[in-house]
Each structure stands twice: as structure tokens, then as C-alpha cells.
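Q: Shown below is the structure under consideration.
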Amino acid sequence: AGTDIPIGTPVAGRADEALDELVGFFVNTLVLRTDLSGDPGFTEVLARVREADLAAYEHQDVPFERVVEALNPERSLARHPLFQVMMTLESGPAPALELPGLAAEPLPVGWDTTKFDLTVDFREHRSAEGAPAGIGGALEYPTDLFDRETAEAMAASLVRVLDQLAAAPRRPVGETDPLSAEDRERILVRWNGAALPVPDATLPQLFEAQAARTPGATALVHRGTALTFAELDARADRLAGALAEHGAGPDSLVALALPRSAESIVALLAVLKAGAASVPVDLEYPAERIALLLADAAPTVVVTDSATAAALPHVPGARQVLADDPAVAARPAARLGRTVRPGDAAYVIHTSGSTGRPKGVVIDHAGLRNLYTHHRAGLMTRAERSRGGERRMRVALTASLSFDTSWEGLLWMVAGHELHLIADDVRRDAGAMARHIAETGIDVLDVTPTYAEQLIEEGLLTDPRHRPRVLQIGGEAAGPALWARVREADDLICYNIYGPTECTIDALWWDTADSGRPLVGVPLANTRGYVLDAALRPVPDGVEGELYVGGAQLARGYLGRPALTAERFVACPFVPGERMYRTGDLVRRGPGGALEFLGRADDQVKIRGFRIEPGEVEAALARLPDVAQAAVAVREDGPGGPRLVAYAVPVAGREPDAAALRRGLAAALPAHLVPSAVVVLDGFPLTPNGKLDRAALPRPDHPAAAAARAPRTAREEILAGLFATVLGLPEVGVDDGFFDLGGHSLLATRLISRARTALGVEVSLRDLFQAQTPAALAELTRAAGRARPALLRRELPDHPPLSFAQHRQWFVHQAEERAAHHNMPFAVRLRGAPDRTALAAALADVVARHEVLRTLFPEVDGRPVLRVLPPEQARPRLLVEEIEEIEEVEGADEARLGAALAAEAGHRFDLATEIPLRARLFRLGEEEHVLLLVLHHIASDGWSMEPLLKDLARAYADRVRGSAPGWAPLPVRYVDYALWQRELLGGEGDPESLLSRQLAFWRGALAGVPVELALPFDRARPAVASYAGASVPVVLDAELHGRLAGLARECGCTL
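Take 1 as the starting number for the sequence shown in full-length UniProt numbering and just add one per residue.
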């Protein structure tokens, strides 16, 4: 989660003893910011926390809602502002209801909801002598984001880390290990590549053995040329002899500067047979790039042809061999008989360097042999069995021969299959390629995801003449849309392959059929993948880390660049004497061990404080019905800093509107993930290797943040004027966001009210969240219904204001359309026969005593107010529901009870028309009942349960005896508190007021606070949180409790 950790915690908010016995919403929330920078010891952390928390508690009077409005963070319906993790600690037993003549036992309500990404609720227990007796609690989590297994792992890790910190409090906190020994064994050993025996022979010997087995079978096809294995082997032997005569041998480099042809494959095999390493040269590269590459490689021999030789730059010391030289063809096809060792270099592939100088990656024969062995035992055998052995597979090689994935096709040929080297004019035209596949019966295809999407649009998976049996995708991240389409295809084996050039083409693999979302999977045989933090320590499942690869697939290093090799190929801390490659890719491991690609470690994007994963936006765009392909880029060539721009290629025959696509994204994504612009293209630009060329994506035609664009319609003009009036600004552009300009919940309420009146249509707070600019709101309100009758002032006493906390609660309640996740259910099992009449009367007594329980929250002139009902108009109904026992099914009555409790707990209060308390009595038998109270948070908080239950018990006891409760009047009412709170805090316009002074503190204390904590989510955050939750237990035993309590005393802290 980082080193800057904001955590929310509740404070009672009862600043005067007169409030102690009052029911109401007093609780306030503080943001406690923990600084872990510099990897301090735990005692140092406690000292930092103590100072930060003391300062926070000294400024606890200002309501959290006002802090949010003052800091004005990015607003979203998807997550909580300023913090997403809440922690509570309470002491002693929980509040209980004790009724005379009845045995009462608290009953958990199976109705789970959570407002935060994580909530840790602790309760401290003490023995009769006051000694630590353990800490119990629960970790609550939203099921939108986490699986139960992930939550259980986090809960276990929390206890494990606390135990280590208590045992060595001066040890740097970063050295604590959240993993158990079993966890480490699983992720370091069990989930790494299985051991698989490899043959003694290297690739050239394997090819020669195959040629001996099937000499007459077709090995290579290119345009009109078809070579059998015997012919290909003989031609390679002739050229290998010529290369050897010119100095080619083990660990020497031979540059291959040939056009795409059958001869280019002959030359590659010849280099292998000579024991040398090939260096492919893409003749379509600019002359300067070719010169740099050849200068870096300094080859012993350059293989080219007579048509190309004159255009190549001079390479000092290199001998030149012409592949089309008649003298080469006239040579005898004799074996050189050279022994190629696993450690000898096989090829050098040049990749782009950050300095602009290409860097050559040296791959040895051990890596190639291991890759062949893995695919031979896995994918190839599976594909052959799927065909029933009817014929050898036809394998298309579409990649540039300067791209390392071109070796994939060669491996299939070495296994005895027929390699089709696709001509340039065909492979660069997706339509022509799709037709070629069908016409020639291609069975195996290895392409990038971007190219696969284009081929699928051209009918790759739907052509009735022929469809490929095997599809390998790799080279870039696969999107969810492509993933779904290949999973739906009948009889298609599709593997997602991940592998940097430095890891011999492939390092991880995954069958798309095995997961519903894109994964890069698990390591190849004899290969290991480690997900590590910055200190090279394994991270837990679900936690983002950098991928390191070890084992047989590792390259030797970078040609002639030992410093860079040492930087990227580091010592492996888990296998003595071995190296591992630092990929620079961020991944996380799922519960089953498969890895998910998250992005580049050095390309993390932050926009307005949010960490952005472009892939998440791409996935949402690709799901829109008119979109065939999607890409998202972060551009910095417009005003206002970096911005997200989305690019879409439409489905054939469709012409989607860019604005409509953006609206579709806004309906599916949190606001910070919605691109500032969407650009529709006929097709995506590709690199020579078939990957998406992001640098060639065009800049949007219009700036994303144009200053005060003039309104185009009367509706836009009206709304822009209302925005300006409410916000107190001289002018607002139709593309300016309400909250970006300083809007907050109070002003939003005012704006909505005025918009309803001015436009005569129904506008909700949710509409403003979804359409935050005048232009977007104008478009949204075109389809809005007519406004409800204006709420006018009536002949009523002056309506007092809500407290600040209530106002925030009311605002959220309205924005979330009366969702039930702010309900507070309390259930108790009663054994014995309750007096229903007395219980109903007691409930009415409690509501009469606590005005907040008989308060309505209507809207008057666009703002919420308090309306306190007389006691006789606010008597709660105690409805009785029978839960009949079903004797034939054990536990069925409890299941029905649980469902009934959950249904009632999920009641959606209409705060304008019903009191915020409901009561139900469920009858399970003559002597067994369950009482359920459901309160809305706007009228109560956790601390209110104690006076509420105490008063209910007292009233019930008196009513059973036939008398009204004889309690003393409460000193104040909740409305007194609401008025007093405003008087106490003063106005923000007064710099000397308590409100202004405390807000100034919070502006400084929370400056630059992370917008969102990075947690190990199992799923992407939805556009609107559902608040559906669950919980897992967290238990600290008495021994750990005692050590933590002692450490707290030593450091002058509370637990």
C-alpha cells in the first residue's frame, strides 16, 4: 500500500457530558495519516503515530464532511474520499439488552454491508483481574473487490505481522514477513515451473534427426516454393559449410541480412549447424538503424544476397557470403559434424534501448532446447492429439524474422510440422491473411493480440472453409474482449504466452480456457517466476510486485554491455548460484498461482493523484457493442497536464460516435478512469513486429480542457449560468466540472434544486455525479422526466438545520437512491414469553424520549431540514412475523429466520416520510422469539446503542409492571446539539473561528494524501460501489495482546 497510509477511525463526538445518555448521530471520523518512509523501526512508527494522532484528536471538532469539502478531493461513487481503510478498537463487552423474565442473547444479522475497502473492527477483552485476555474482531471487505480467500489471507497476515513487530519492535517494519512458511514454500517452489527432462541434443541436431525420420515430408512453404525436410537440410548444410570456411563457429556472430524468403530460413538453420549465433537484420529498418545494429554486433560473417549487398553498410572485419551465390549451391551437402553445446550462443536479438542505441540480447541453446521440450511435451502433443494424427500441422510464421517470436514457428517445424513462411504482402493485410489461412488450411497461428483482433474481425474464427486449431497470442497484453472471443470459439486451443526477449521468447503460459479474465499464467517447465517487492522479498498472493524470472529460459545477457547485464540479471536470493531477470513488469499472483499482468513498473501512470491502469479502461471500451478494438494512451500534449485518451476501432459496418462511447465509459467506470477524449480510427497503427504502435496514435482533434467553451444550446447556457451562480464564479465553461471548480455537497444540493426549477425537469444528485459539466448535464437532462412539484414553505415552526454529520449522511442517502447500507441492524434472541404489548409500548416510550428517533428529514427550498413529529404520530409499529418450524428439514427454520432478518435489515428508508427506526418480532415458538431493531445511521451511531438498549430495558420493565417509565428527563435534545455545534464551530469566513482553525490544520495534515490506497483487489473497482460485504474473523490471543499492551505502555501509547 506504500509508505503514506491514511486510515479512518471513529471518535464518539460527544464533547459534553450532557450528550452521554442521548441517542443520535454524534460520531465523527478522523483521518490518521501514518508515515512509514525510511523504513523505520516499529517503536519509531509508534512515536510518529502518537504525535500525528494527538494532533488529529486535538482537531476533532470539525466534522469529517467539512474536511472533505475543504480539501475537495476527486469525487467518486466508487470509493470513500480521503481514506478507504477504517479501523476501530473498543473495550469490554458489546452493548446488550436485558429484559426481565427473558434470557436475551445477541444474534448476528446475516446482512453484510461495508462502506470501505477494508474495515478492521477490534474489541479488547480483559480478565476479571484486568489482565489482557485477547483481542477479537473481524475484517470486513466489499465483495465487489475481494474474494473470501484473499480476505482470510490478509487477516492471517495481519496477526503474523503484529506478532513479529511485538517480538522485535526496533526492527525495521519493512523487514516483517506477512508470509507463513507454507506460503513461502507454495509461491517459491510449488507454483514454479515443474522439472522436465530435456534431451541431450540441441536444436540443430533435433532438426537433423527429424529430417532423417521424415525426409520426404514438406518442411517449409513460401509463396510457390516448397522444400522437403531433406531438401531444406541439404541446402542448410551447403550454406553452413560456406559459413564455416569464412570463420563462422561457436560463439561467433553471423548477421542475416536477407529479404523474407525460403533462403532466410535456410540461412538461419545454416548458422545453427555452423555452431554460430545468428543476428537478424530487418531490411525495412532505416539505414541508420541497420548501421547501429551491425556496429553493435560486429559479426564475423554477413549473409545477404546479390540484390541486397550493395545497400548494406560496410562492417569492418566481416566477411560477406551471398546466399544466392551459385558456388554455394554447388557445394556438397556434407555435415560439418560440429558439436553445439547448450551454453553456446544461438542467436542475438536487438531490442530498443532507452538511450536510443539498440541492445543485443544473447540467447543460448539451453534456453531454446528447454522451450522446445516444454512445447513438445505440452501444446504440440495436445494439438496433435486433437487432430487424431490425420496429418501434420500447418504452422504460419507471420512475425518479422527480426522478432524473437519467429522462433516459435521454427520449433513446430523441428517437431516435424509444416512451416508456412507468410509473405510480407499477405501478413500485413489482415483480410488477405485471414483468407490465406482458410485457403491453405493453416492449423497453428502465433500472433500478437492486436493482430489477432484484426484477424478475428476478418473472419478468422467464423470462416466455414477452415479455422485454425491452435492460436498462440503474445508480445503484448491481451484484452478481455479478445479473451472472451477466443474462449467462445469451438475446438480452439488458445494459449496466452508471456516472455521478454531476455527469457528466450517465452517464460509464462496460460490456456485461455482456464480463466474468465486475461492471465499470463505460470512458468514454463524448468523456469521460475518470482513476484517481489523493492527489497527482493516475495509478496503475498494478490499483492502487486515486480516479476523476476529465473531458470533455464534466461538469456546469457546483453552483447558487450556487462554493466547493463549486471543491472538486469541479478543474483537469485532463493536458489544459490543462479541468476534471475528483472522484467520491469508488474504482476500479481492469484489464489491458484497464475499471474496477472498489471503494467510496467517504470510506466505507472498517475493523473490527478490516481494511479491509472490503462488496461482497465481498454477493457471497458472493448465491451461496448460498437467497438472491435480498443486502446488507451496517456498523453501530455494537451493543456492541463497528462490526460487519458481512448482509441477505438469500430465493428465492421458500425460508425460509433466518440461522445457516445465516452458516455458509455462514464456509465461503467469511476470518474477518474473516464478518458478525456475518445478517438475513433479505421484501424490501429502497428509496429513492424505486429504490436500496437502507441507512439503513432493521433492526438485528439480538440483539447480536453478547453477554457470556457461557449454554450451551444439554450439548455447549456442555463446550466452554465447556474453553475457560476452557485459556485460564486463570474463564468463557467460548459466543459468545466462542478467538483473540479470547488463544488461540494451543500452547493450540489442547491444547484440541483435550481436546475429543477429552471429546466422544469427531474434532476437528481446521482445525475450530477455522472454528468459533472454543464454540457454533460444538459445532454443527460434531455431525457429526464418532468420535475416534481416544488417543495414550498408551509405554516410550520421554523425548521432547525441538520447536524453536519447528518447532512453528509442525507446527501449520500439521496445520491445512492436510498440504499440500505447505512442501516444499523440489531437483533437479539429472546427465550421466554415476551409481553408484546409492553414491548410495543416500551418502543414508543424510547421514541418519545429521543426526538431524533421521531424526526423526519424533508427537503424545503432545496435543502434538508429537521421535522420532529409529536410522540403520538411517531409510535413505531411492532410487527410480529411467524417463523414456522419445518420438522422434516433440520435447520430450515433458522435459514428462514436469517433470510427474514436480512430482508428487513435491508429496508430502504424514505427519510422524508418515515421515522428512522423499525422494529420486528419474529416468533419461532411459544418460548422463543427474535427482536430486530433497524435504525438508520442518520439518527444513531455505535455509541448510541448503549443508552438506547438501556432505556428500552427500563421502559419494558416498567410497562410490564403496568406503569410508564419513571426516568429523569434528558438534559438536551439532538436538535440542541445541532444548533450548538454550529455555534461552537463558527463560520468559515471568520479566520479566528474554531472551524477555520481546525480546517487549516486538516488542509496541512492531509496535503498530498494518496487518493486511493493500492490494495490486493481481486477485481477492478466498479463505477458505483454496491456496498455488498462480508467478513472474516481476526483473533489475537492473550499472549500477543499482553505483549502489544506492554509495548504500548513503554512507548507512551494507547493500544
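Think of the CB as a built atom: it goes at the ideal place given N, C-alpha and C, for glycine as much as any other residue.
On the criterion of 16 or more Cβ atoms from any shown chain inside 10 Å, does Thr583 qualify as buried, or is it exposed?
A: buried
Q: Look up Asp177 in the DSSP assignment and say whether it is helix, strand or coil.
A: Coil, per DSSP.
Q: Can you tell me where the beta strand (DSSP E) holding Leu482 begins and where it ends?
A: Leu482 -> not in any beta strand (DSSP E); alpha helix (DSSP H) instead, spanning Pro480 to Glu488.
Q: Using the C-alpha atoms, what's the distance from Val645 back to Ser636?
A: In the sequence as displayed, the identity of residue 636 is Glu instead of Ser. About 10 Å.
Q: What are the residues that DSSP puts in a beta bridge with Val617?
A: BP columns for Val617 are empty, so no partner.
Q: Using the C-alpha atoms, what's the distance from Pro858 back to Gly615?
A: 44 Å
Q: Of all the options Arg875, His807, Asp958 and Val930, which has the alpha carbon lying nearest to the alpha carbon of Arg982?
A: His807
Q: Can you tell me whether DSSP reads Ile493 as helix, strand or coil?
A: strand
Q: In chain order, what residues of the same chain lie with their CB nearer than 7 Å to the CB of His374, ignoring the 5 residues before and after it?
A: Leu196, Leu524 and Ala525
Q: Tell me which residue opens and which closes the beta strand (DSSP E) that Leu397 is part of.
A: Arg394 to Leu397
Q: Answer with buried or exposed for Ser37, where buried requires no fewer than 16 other C-beta atoms within 10 angstroms of its C-beta.
A: Per the 10 Å Cβ criterion, exposed.
Q: To the nearest angstrom, how far is it from the Cα of Ile187 to the Cα of Leu46?
A: For Ile187 and Leu46, the distance between alpha carbons rounds to 32 Å.
Q: Would DSSP call Ile915 helix, strand or coil?
A: Three-state result, Ile915: coil.
Q: In chain order, which continuous runs of the alpha helix (DSSP H) of length 4 or greater are located wholly inside the region 51-112?
A: Fully enclosed alpha helix (DSSP H) runs of 4 or longer: 64-71.
Q: Is the region 52-67 touching the region 25-33, taking contact as three or more C-beta pairs under 8 Å?
A: In this structure the region 52-67 touches the region 25-33; the number of beta carbon pairs closer than 8 Å is three or more.
Q: Based on Cα-Cα distance, which residue from Leu419, Glu894, Ala848 and Glu717 lies nearest to Leu22?
A: When C-alpha distances from Leu22 are compared across Leu419, Glu894, Ala848 and Glu717, the shortest belongs to Ala848.
Q: Count the other CB atoms, across all protein chains shown, that sit within 10 Å of the CB of Ser1031; report buried if there are 16 or more and exposed otherwise.
A: buried
Q: To test your reading of the DSSP string, which unbroken beta strand (DSSP E) runs of 3 or more residues are found completely within the region 122-171?
A: DSSP assignment within the region 122-171 yields the following whole beta strand (DSSP E) runs of 3 residues or more, N-terminal first: 132-142.
Q: Count the other C-beta atoms from every protein chain shown that fall within 10 angstroms of the C-beta of Ile886, then say buried if there are 16 or more, exposed otherwise.
A: Caution is warranted here: a pLDDT of 45 is assigned to Ile886, below 50, making its placement in the model unreliable, and no coordinate value can be reported.
Q: When the distance is taken between beta carbons, is Leu722 closer than 7 Å to Arg754?
A: yes
Q: Where do the N-terminal and C-terminal ends of the alpha helix (DSSP H) with Phe811 fall, by residue?
A: Segment Phe804 to Ala815, the alpha helix (DSSP H) holding Phe811.
Q: Could you check if Gly337 is buried or exposed, using at least 16 other CB atoms within 10 Å of its CB as the buried criterion?
A: exposed
Q: Counting only the same chain and skipping the five closest in sequence on each side, list residues whose C-beta sits under 7 Å from that of Arg382.
A: Exclusion of the five residues before and after Arg382 leaves Ile493 as the residues of its chain whose Cβ lies within less than 7 Å of its Cβ.
Q: Starting from the Cα of Gly862, find the closest Cα among Arg123, Leu949, Leu751 and Phe25 and give me that residue.
A: Leu751
Q: If you run the structure through DSSP and keep just helix, strand and coil, what is Thr1054?
A: coil
Q: Name the DSSP bridge partner or partners of Phe922?
A: Glu881 and Val930
Q: If you check the beta carbons only, do Leu256 and Pro358 fall under 7 Å apart?
A: no
Q: Using DSSP bridges, identify the partner residues of Ile5.
A: DSSP, once it has assigned bridges, lists Thr34 as partnering Ile5.
Q: Using alpha carbons as the reference points, say which of Leu322, Asp237 and Glu408 lies closest to Ala333.
A: Closest by alpha carbon: Asp237.
Q: Glu182 to Ala156, Cα distance in whole Å?
A: Each residue's Cα considered, the two are about 13 Å apart.
Q: Please state whether DSSP places Val889 in a helix, a strand or coil.
A: In this predicted model, Val889 has a pLDDT of only 47, less than 50, meaning its place in the structure is not dependable enough to derive any value.
Q: Here's the rule I'm using: 16 or more other beta-carbon atoms within 10 Å means buried, otherwise exposed. How should Thr512 be labelled?
A: By the neighbour-count criterion, in which 16 or more other beta carbons inside 10 Å mark a residue as buried, Thr512 falls on the buried side.
Q: Assign Leu471 to one of two classes, buried (16 or more other C-beta atoms within 10 Å of its C-beta) or exposed (fewer than that).
A: buried
Q: Classify Lys273 as helix, strand or coil using the three-state DSSP reduction.
A: Assignment of Lys273 by DSSP, reduced to helix, strand and coil, places it in the helix class.
Q: Pull up the distance between the alpha-carbon of Leu203 and that of Arg369, whole angstroms please.
A: 6 Å
Q: Taking only the alpha-carbon atoms, compute the straight-line gap between Pro703 and Asp735 and give it to the nearest angstrom.
A: Model confidence at Pro703 stands at a pLDDT of 38, short of 50, so the residue's coordinates are unreliable; what they give is reported in the following sentence. Their backbone Cα atoms lie some 11 Å apart in a straight line.
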